[in-house]
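*Asks:* The sequence shown begins at -9 in my numbering and counts up one residue at a time.
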Amino acid sequence: MLGRFFALLLKDPLTSGAALVTLGSATALATAWGFELIGGFKPCPLCLIQRNPYYAGLVLGILALIFTRTEKLRWVSVLALLGATGGFLYGGGVGFYQAGAEWELWLGPNDCAAGGSMELGSAANMLQSLATTKVVSCSVAQFRIFGLSFAGLNVIYATAMSIIAVCGLVLPRKQ
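1) Report all residues from its chain with a CB closer than 6 Å to the CB of F86; omit the five preceding and five following residues, and keep chain order.
2) By the three-class DSSP mapping on this structure, what secondary structure does I28 have?
3) Got a sec? Which residues, its chain only, sit under 8 Å from L4 by beta carbon, not counting five neighbours each side?
4) Would you identify the three-state DSSP class for L95, choosing helix, strand or coil?
5) Return the residue from the list S129, V126 and Y80 that minimises the CA-CA distance to A150.
6) For Y44, does the count of other Cβ atoms within 10 angstroms reach 16, so buried, or fall short, so exposed?
7) Which class does L79 belong to by DSSP, given the choice of helix, strand or coil?
8) Quick one: give me the first and last residue of the alpha helix (DSSP H) that S127 is part of.
9) Output yes or no for whether 8 Å exceeds the beta carbon distance between S152 and F78.
10) Measuring alpha carbon to alpha carbon, tell me which residue in L50, L13, S129 and S15 is nearest W96.
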């Protein structure tokens, strides 16, 4: 059964790569939004930046899937997967930077705090806003699983997504 699955993937790696990039990007975004909306984890600015390659990967993956159908325009699919690869590598790099800051290997960004808008009409409003605003630091891991923070997990996931996209580009089609 697994052999048939891999045979199908290798029949047209470009199409398979595009499909996996689309599915993997959607999965990453659903997971991130799930942890935020259901789990209550608020993302820091670097976390939000790390989502951008998955938004782009979703669009580029769909674009690549569309253009793999016509032989003359498969080059568009190649460019889309190249763009997705670059995006995933960028996102993994940002995750690596954030994970290093969380482990105190280097300093995180100075302006890394999230919050809502602040009503400055009166001192009481300002104090209330300060009391209810939760500051999310990019240098402190909110959660760890197997010793890895969300940023560390993103490094692994983004690297895997890059490898999948590259495999879609370089593996030959089976006849």
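Where a beta carbon is used, it is the ideal one built from N, C-alpha and C, also for glycine.
*Replies:* Taking the definition as stated:
1) Counting from 1 along the sequence shown, the entry for residue 86 is found at position 96. So the list reads V145, once near-sequence residues are dropped.
2) Along the sequence shown, one-based indexing puts residue 28 at 38. Reduced to three states, the DSSP call for I28 is coil.
3) Indexing the sequence shown from 1 puts residue 4 at position 14. For L4, where only same-chain residues beyond five positions count, the Cβ hits under 8 Å are A54, T58, R64, S67, V68, L71, G158, L159 and R163.
4) Within the sequence shown, residue 95 is the residue found at index 105, counting from 1. The answer is coil: DSSP assigns L95 none of H, G, I, E or B.
5) Taking the first residue of the sequence shown as 1, we reach residue 150 at position 160. Selected option, being the one with the closest Cα: Y80.
6) As a working mapping, residue 44 is identified with position 54 in the sequence shown. Buried: at least 16 other Cβ atoms inside 10 Å.
7) One-based indexing of the sequence shown puts residue 79 at position 89. Helix.
8) On the sequence shown, position 137 is the one that residue 127 refers to. Premise fails: S127 is in no alpha helix (DSSP H) and is neither H nor E.
9) Taking the first residue of the sequence shown as position 1, residue 152 is located at position 162. Taking the first residue of the sequence shown as position 1, residue 78 is located at position 88. Result yes, Cβ atoms of S152 and F78 sit closer than 8 Å.
10) Position 106 of the sequence shown, counted from the first residue, corresponds to residue 96. Selected option, being the one with the closest Cα: S129.
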